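S.K.: Residue 47 is where the sequence shown starts when you use my numbering, and the numbers rise one by one after that. Built from N, CA and C at the ideal position, the CB exists for glycine as well. Predicted, not measured: the structure shown is a model, and the values here were computed from it.
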Amino acid sequence: VWQGEMLSLLGTLDLLKFEKLLYALSAAGLTEGKNLTVDKIQFPSANPFTTNKVVKQQLFNDIVGRISTMQLGFSVASDDITPKMQLTLQRLYQYLQQLNQLADELDLSFGLLVIGCSDNSGNKVTNTRLSLQRAQNTGNALNKLGFSEQQMYITGLGQIDIVKVNNKARKVIFNVLFVNKEKF
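(1) Just list the residues that DSSP pairs T83 with in beta bridges.
(2) Let me know if V47 comes out buried or exposed under the rule of 16 or more other beta-carbons within 10 Å of its beta-carbon.
(3) Among I206, Y69, L53 and K102, whose alpha-carbon lies nearest the alpha-carbon of D153?
(4) Starting from F220, follow the beta strand (DSSP E) in both directions and report where the run begins and ends.
(5) Could you spell out where the alpha helix (DSSP H) holding V160 opens and where it closes?
(6) Under 8 Å, do V171 and I200 count as touching if we go by C-beta distance?
(7) Note down the Cα distance separating K63 from V211, rounded to an integer number of angstroms.
(8) Assuming the contact rule is C-beta atoms closer than 8 Å, L203 and S177 should be a hit. Round their C-beta distance to whole Å, please.
(9) Does the region 104-112 come into contact with the region 120-131, if we say contact requires no fewer than three beta-carbon pairs (one atom in each stretch) closer than 8 Å?
(10) Inspect the beta-carbon positions of L191 and Y141 and report whether they are closer than 8 Å.
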């Protein structure tokens, strides 16, 4: 639906097809939060046609990989979750819902690491606190969307002192840890 200069997508779409659609729309100059809204898109909880355990494991691994590439970028000295970040967190939450279903089917347990970082401008103690606050605010936002805080481990790394990275290290990054539930 076009509303002025804004395109709003509505309906149900597979998450992987959604990612391809976003990529194609970005090539046409449409960007989430700028001239594109996707908050009315709904995702099926998992691919219903997938019955093969190997395919399910591959899908699980693919989603884990997609999550590991997601990041939230913060302004200097800020720990605020912006509307653009909220869109990223909604997509992350959809991935996590799919992981929950696949994990149950594959007899896996998983958790999400939410890792806050800071650049090296300012005081090291303040940056350590800020990195943790960024991660906590992100975890709170995910919890409000419905993701269990018992499945999250929230931590702050403090400031990142890597040449050519440090001034862009104002981020929250994500990683998924998973283990097989089978008893040894």
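M.R.: Let me lay it out:
(1) One-based indexing of the sequence shown puts residue 83 at position 37. For T83, which the question treats as bridged, DSSP gives the partners S54.
(2) Within the sequence shown, residue 47 is the residue found at index 1, counting from 1. Counting Cβ neighbours within 10 Å, V47 comes out exposed, since fewer than 16 surround it.
(3) Sequence index remark: in the sequence shown, residue 153 carries index 107 (1-based). Among I206, Y69, L53 and K102, the Cα nearest to that of D153 is on K102.
(4) Stepping through the sequence shown from its first residue, residue 220 is reached at position 174. Taken as a continuous stretch (DSSP letters only), the beta strand (DSSP E) holding F220 covers K217 to N226.
(5) Within the sequence shown, residue 160 is the residue found at index 114, counting from 1. Not the alpha helix (DSSP H): V160 falls in the beta strand (DSSP E), residues L154 to S164.
(6) Translated into the one-based positions of the sequence shown, residue 171 becomes position 125. Translated into the one-based positions of the sequence shown, residue 200 becomes position 154. No; because the gap between Cβ atoms is not below 8 Å, this pair is not in contact.
(7) Mapped onto the sequence shown, residue 63 falls at position 17. Mapped onto the sequence shown, residue 211 falls at position 165. Straight-line Cα distance between these residues: approximately 32 Å.
(8) Against the sequence shown, residue 203 aligns to sequence position 157. Against the sequence shown, residue 177 aligns to sequence position 131. Yes, they are in contact, since the Cβ atoms of L203 and S177 sit about 6 Å apart, within 8 Å.
(9) Inter-segment contact for the region 104-112 and the region 120-131 is absent: fewer than three beta-carbon pairs are separated by less than 8 Å.
(10) Numbered from 1 along the sequence shown, position 145 holds the residue referred to as residue 191. Numbered from 1 along the sequence shown, position 95 holds the residue referred to as residue 141. Pairing L191 with Y141 gives a Cβ-Cβ distance that is not under 8 Å.
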